Every structure is written in structure tokens, then in C-alpha cells.
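J.: Have a look at this one.
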DNA sequence: CGGTAGTCGTTTACTGGTAAAACACCTGTT
DNA sequence: AACAGGTGTTTTACCAGTAAACGACTACCG
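Protein chains in written order, with our numbering: chain A, 53 to 237; chain B, 53 to 237.
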């Protein structure tokens, strides 16, 4: 949306208005112009994109304080939560980004002393990356703050609704991850 | 993640597995390492980011066939659904992007003959942008296909659940749009 | 052995976005 | 009238990401 990223097929609408969120306003506009179309999908996909963009834009205060981008934290987090070394390729798969992006990030994180690399003894093409003590401490220090921040961001939604939302998103994501390839046409 | 956006604070996990979506697997890893932390927020924010990234990556087949990026379609769509001319500034607000990005897109879309500009007679700083007939026809031709595609993407989720999901996302988005500024700290 | 195919990681060339400066213009004040 | 300050748009400089080419290496197979 960016995440860039940006908007969505439903676009956006700067006016808040009493009638709900901005996506609702956009959908109303579309329905006025094309009353025959089923705008249902917009209300889900548009909102997901818009939420992701807003969350991205809010750029997680705890991360910023540590001078980390979300992508960098993702990489460190993958190392921390798996608990063992990972190769650059594994890190790329784990963080859903290209190998080239991982190479760049590793370079910076190594310079900052947060990760270390070591060459594989058997296969000299591959490298193994691990957290330094400083990297590990940084992740462990940030994570609680980050979760508290995310919790605050979500606090406008009642806890039971949060549970429902998480479950429904889980269903959707499971479907997307399983079956999206088939749709690429 | 730009959208683009890439991953999320919860990162990702390449393994699907029987136990649910990839975010669920990541959350399980975190809980094994830090059993004391409340990982609830990850299950929402992580999934939203991941869904947005996947939807982005799937890069909407109907749009691609028309040679449009999602951002370009958003811009055209804003003109179509409002039904009147918009200034570049209004377009930026409407599509949630920077003015500079709008300038670039307008240049390309003008070259392709999809939009036209005219200067304001009173205030010579401002421009008014409108769809050409070709632009309008293009949007009207793509939109049904795009909605059908999105509908297919969501088809793995039962219609009643889709309704719930849309409603819950509406609540969250309304909260985010209203109150996110306060959190920027 | 020797060559071919495949894999891992990096480099390169490019894209599409942003922030901030620059530019052109309006508006209110003196 | 002249100027200060504000606004709308474009330009500039830059950044982070990708895809594709590349180099180094392994592994297979005759």
C-alpha cells in the first residue's frame, strides 16, 4: 500500500462524514453512478487496503524510536522467533520479500552490529545469519512496546469484536494463501 | 509494507501448514519464545498487512489487461464516481497519495488520452482534470470485470461471513481514520 | 573426470513512490 | 501600488523495492 501502497480499487475519500468510514462513502458514490453493480467486494478489499495503508503510515512509533523500519524489524523478528540461524533465502521467504531486498537489509543491519553472518562450511554459496546479542536485546526490548502500541491502535474496537475480526481475517487469509495462485490467470 | 507493502510487525512464515494461515504460525512461534506477551494485536494487524500484500501481489488481472496500475485506476475511478472535474489537489486527497504522485500519473494518463486538463479561468494556479470519453469508457468497461475478479478472490469466504468481515473492518477503519492522528506521538 | 544444469546470493538497471524546494499565482494589508 | 504570506502544482533529489542478469558454486550424469 503499501503498501504502499496506496489506495485500492475502491479508492478513497477524504471526507469522513457521519455515515461511516471513507470506504463507505466511496461505495455510495459508485452505487449512485452504477446502481446495477455489486459493490460488496469493495467493502472488504477496499477496507483492507485502506487499513493497511493507514497502519503503514502511522509507522509504528516504537520502531521509529529504535531507528528501524518495519521491514528491518520483520527480518530481525524472523531470526528471533525461529530461534536459530537462517540463510538469506530463508529470510526472504520468511519475510515475503525478494532476495535482493534481504541482501540490502542485511548489509545495513550487519553494519549496525545487529546481525552476523557466517559462511556454510559445506556449501560455500550459502551464508548463515544470526542475531548478535545487541540484535536480540533490541528485538526483545521493542516487541512489548510494539505490541502495546498495536493494542492501542486497535483499542477502538471492542475485545469480542477483535476476536471475531481476527478469526474472519484468518479465514480469508487462509483462502488467499491457498488458492490465490489459481486466480493469477 | 507499501503497500507494498511488504510484511508486518508479525512478519510472515512461508509454511502453510494444517494449523491455519501463515500469521497463525508466526504467532505460535512468538508465543513459544515469549509466552508472557499478548500477541492478540498481531493476529489482526499482521493479517491485514498480509492480506493487503497478497491482494496487491495478485495485481488484479482485469486492470493489468487494460495496462493500468491500481493507482492509475484509483485516479480514474475518483473522477468517474464523483462525476465531475477535480483538481490535482483534490485527486491527491481522494486517492490518499502525494501531490507529486498525482502529477506523474496525470502526465501519463493525459498522454494516453484518458484524461484532459483545463486551466481555471479565475485562479491560474489550479487545473481541472476530467475524464475523456475514452477514459470514461475504459473505467466503465473495467469496473464490472474488476468487481467480478474481487468477488472471485473472496469466494472462499461464505457470504454471511463476508458481511460480518466488512462490518468489522468498517468499525476498525472508522476508528483508525478518526483517531489515528492522536497516536502519532 | 568433465560438462551441463540448477541453486544461492549479490549486483545492476529500473520503477514508482515521497518530502522538500521551487515556482506561479492569489489575497489581504498598509 | 507594493509587499508579505499563503496556496496549488510541479520539479528535484532521493529511497526502497523488484526483476533480471550475473558470478560462484554444487550436484548430477554420462
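We treat Cβ as the ideally placed atom computed from N, Cα and C, and that holds for glycine.
All of these numbers come straight from a predicted model, not from anything done at the bench.
#1: Which residues, in order along the region 213-231 of chain A, keep a beta-carbon less than 9 angstroms from a beta-carbon of chain B?
#2: Who are the neighbours of residue 137 of chain B on chain A, taking C-beta pairs under 7 angstroms?
#3: For residue 141 of chain B, which of B/133, B/151, B/101, B/81 has the nearest alpha-carbon?
#4: Cα separation between residue 240 of chain B and residue 85 of chain A?
#5: If residue 170 of chain B and residue 127 of chain B are in contact, beta carbons under 8 angstroms, what's the gap, nearest whole angstrom?
#6: With DSSP as the reference, label residue 154 of chain A as helix, strand or coil.
#7: Just to check my reading of the structure: residue 96 of chain B and residue 218 of chain A have Cβ atoms closer than 8 angstroms, yes? What is that Cβ distance to the nearest angstrom?
#8: How many angstroms separate the CA atom of residue 112 of chain A from the CA atom of residue 172 of chain B?
#9: Closest to residue 89 of chain A by CA distance: which of B/196, B/213, B/163, B/204 is it?
#10: Residues of chain B with CB under 8 angstroms from residue 134 of chain A, in chain order?
#11: Could you tell me which residues DSSP puts in a beta bridge with residue 167 of chain B?
#12: Quick one: does residue 158 of chain A have its CB under 8 angstroms from some CB of chain B?
#13: With 8 angstroms as the threshold, decide whether the Cβ of residue 180 of chain B is near any Cβ in chain A.
#14: Can you find at least 3 beta carbon pairs, one from the region 175-185 of chain A and one from the region 102-118 of chain A, that sit closer than 8 angstroms?
#15: If you compare alpha carbons, which of B/200, B/102, B/72, B/80 is closest to residue 148 of chain A?
#16: Tell me, which residues are paired with residue 138 of chain B by DSSP?
#17: Starting from residue 229 of chain B, follow the alpha helix (DSSP H) in both directions and report where the run begins and ends.
#18: Measure the beta-carbon distance from residue 198 of chain B to residue 114 of chain B and round it to whole angstroms, keeping in mind my assumption that it falls under 8 angstroms.
#19: Counting only runs of 4+ residues fully inside the region 73-98 of chain A, write out the alpha helix (DSSP H) ranges in chain order.
#20: Going by beta carbon distance, what residues of the same chain come within less than 8 angstroms of residue 51 of chain B, once the five residues before and after it are set aside?
#21: Taking 8 angstroms as the CB-CB cut-off, is residue 90 of chain B touching chain A?
#22: Identify, in the order they occur along the chain, each residue of the same chain with its Cβ nearer than 6 angstroms to the Cβ of residue 72 of chain B, setting aside the five sequence neighbours on each side.
#23: Here's a check: name, in chain order, each residue in its chain whose Cβ is nearer than 7 angstroms to the Cβ of residue 187 of chain B, leaving out the five neighbours to either side.
#24: Taking only three categories from DSSP, how would you classify residue 162 of chain B?
#25: Just to confirm, are residue 209 of chain B and residue 213 of chain A a CB contact at a threshold of 8 angstroms?
#26: So, under 8 angstroms CB-CB, residue 133 of chain A and residue 78 of chain B are touching, yes? Tell me the CB distance rounded to an integer number of Å.
#27: For residue 231 of chain B, which of A/100, A/125, A/124, A/205 has the nearest alpha-carbon?
#28: Tell me, please, whether the CB atom of residue 166 of chain A is closer than 8 angstroms to any CB atom in chain B?
T.: So, from the listed chains and residues:
#1: For the region 213-231 of chain A, which is checked against every Cβ of chain B, the residues closer than 9 angstroms are 213, 214, 215, 216, 217, 218, 219, 220, 221, 222, 223, 224, 225, 226, 227, 228, 229, 230, 231.
#2: Counted from its first residue, the second chain places residue 137 of chain B at position 85. Chain-order list of chain A residues neighbouring residue 137 of chain B: empty, with the shortest C-beta distance near 15 angstroms, by a criterion of under 7 angstroms.
#3: Taking the second chain and counting its residues from 1, one reaches residue 141 of chain B at position 89. The option with the nearest alpha carbon to residue 141 of chain B is B/151.
#4: No answer is possible for residue 240 of chain B: the residues shown for chain B start at 53 and end at 237.
#5: The count along the second chain starts at 1 and reaches residue 170 of chain B at position 118. The count along the second chain starts at 1 and reaches residue 127 of chain B at position 75. Incorrect: roughly 17 angstroms between the Cβ atoms, too far for contact.
#6: As a position in the first chain, residue 154 of chain A is number 102, starting the count at 1. The answer is helix: DSSP assigns residue 154 of chain A an H, G or I state.
#7: Stepping through the second chain from its first residue, residue 96 of chain B is reached at position 44. Stepping through the first chain from its first residue, residue 218 of chain A is reached at position 166. The Cβ separation is near 5 angstroms, so the contact holds.
#8: The residue you call residue 112 of chain A lines up with position 60 of the first chain. The residue you call residue 172 of chain B lines up with position 120 of the second chain. Between residue 112 of chain A and residue 172 of chain B, the C-alpha separation is close to 41 angstroms.
#9: By one-based count along the first chain, residue 89 of chain A stands at place 37. The candidate whose alpha carbon is nearest that of residue 89 of chain A is B/196.
#10: Here residue 134 of chain A is taken as the residue at index 82 of the first chain, counted from 1. What residue 134 of chain A touches in chain B: 81.
#11: Translated into positions along the second chain, residue 167 of chain B becomes position 115. In DSSP, residue 167 of chain B forms a bridge with B/183.
#12: Here residue 158 of chain A corresponds to residue number 106 of the first chain, with the count starting at 1. Answer no: the Cβ-Cβ gap between residue 158 of chain A and chain B never drops below 8 angstroms.
#13: The sequence position of residue 180 of chain B within the second chain is 128, counting from 1. Not closer than 8 angstroms to any Cβ of chain A, the Cβ of residue 180 of chain B fails to qualify, so no.
#14: no
#15: As a first step, residue 148 of chain A is located in the first chain; it is residue number 96 there, counting from the start. When only C-alpha atoms are compared, the closest one is B/102.
#16: On the second chain, residue 138 of chain B is found 86 positions in, with the first residue counted as 1. The secondary-structure analysis by DSSP pairs residue 138 of chain B across a beta bridge with B/181.
#17: Residue mapping note: residue 229 of chain B aligns to position 177 of the second chain, counting from 1. 211-231 is the extent of the alpha helix (DSSP H) around residue 229 of chain B.
#18: As a first step, residue 198 of chain B must be located in the second chain, where it is residue number 146. As a first step, residue 114 of chain B must be located in the second chain, where it is residue number 62. Rounded, the Cβ-Cβ distance is 5 angstroms, consistent with contact.
#19: Runs of the alpha helix (DSSP H) inside the region 73-98 of chain A: 74-85.
#20: Lying before the first or after the last residue shown, residue 51 of chain B is absent from chain B, which here runs from 53 to 237.
#21: The residue labelled residue 90 of chain B in the question sits at position 38 within the second chain. At least one chain A Cβ lies under 8 angstroms of residue 90 of chain B.
#22: As a first step, residue 72 of chain B must be located in the second chain, where it is residue number 20. Around residue 72 of chain B, the same chain offers no residue with a beta carbon nearer than 6 angstroms, after the five sequence neighbours per side are excluded.
#23: Here the question's residue 187 of chain B lines up with position 135 in the second chain. Answer for residue 187 of chain B: 128, 166, 167, listed in chain order.
#24: Mapped onto the second chain, residue 162 of chain B falls at position 110. In this structure, residue 162 of chain B counts as helix in the three-state DSSP scheme.
#25: On the second chain, position 157 is the one that residue 209 of chain B refers to. On the first chain, position 161 is the one that residue 213 of chain A refers to. Not a contact, by the Cβ cut-off of 8 angstroms.
#26: Position 81 of the first chain, counted from the first residue, corresponds to residue 133 of chain A. Position 26 of the second chain, counted from the first residue, corresponds to residue 78 of chain B. Between residue 78 of chain B and residue 133 of chain A the Cβ distance is about 7 angstroms, and since that is below 8 angstroms, they are a contact.
#27: Residue 231 of chain B sits at position 179 when you count from the first residue of the second chain. When only C-alpha atoms are compared, the closest one is A/205.
#28: Counted from its first residue, the first chain places residue 166 of chain A at position 114. Closer than 8 angstroms: no.
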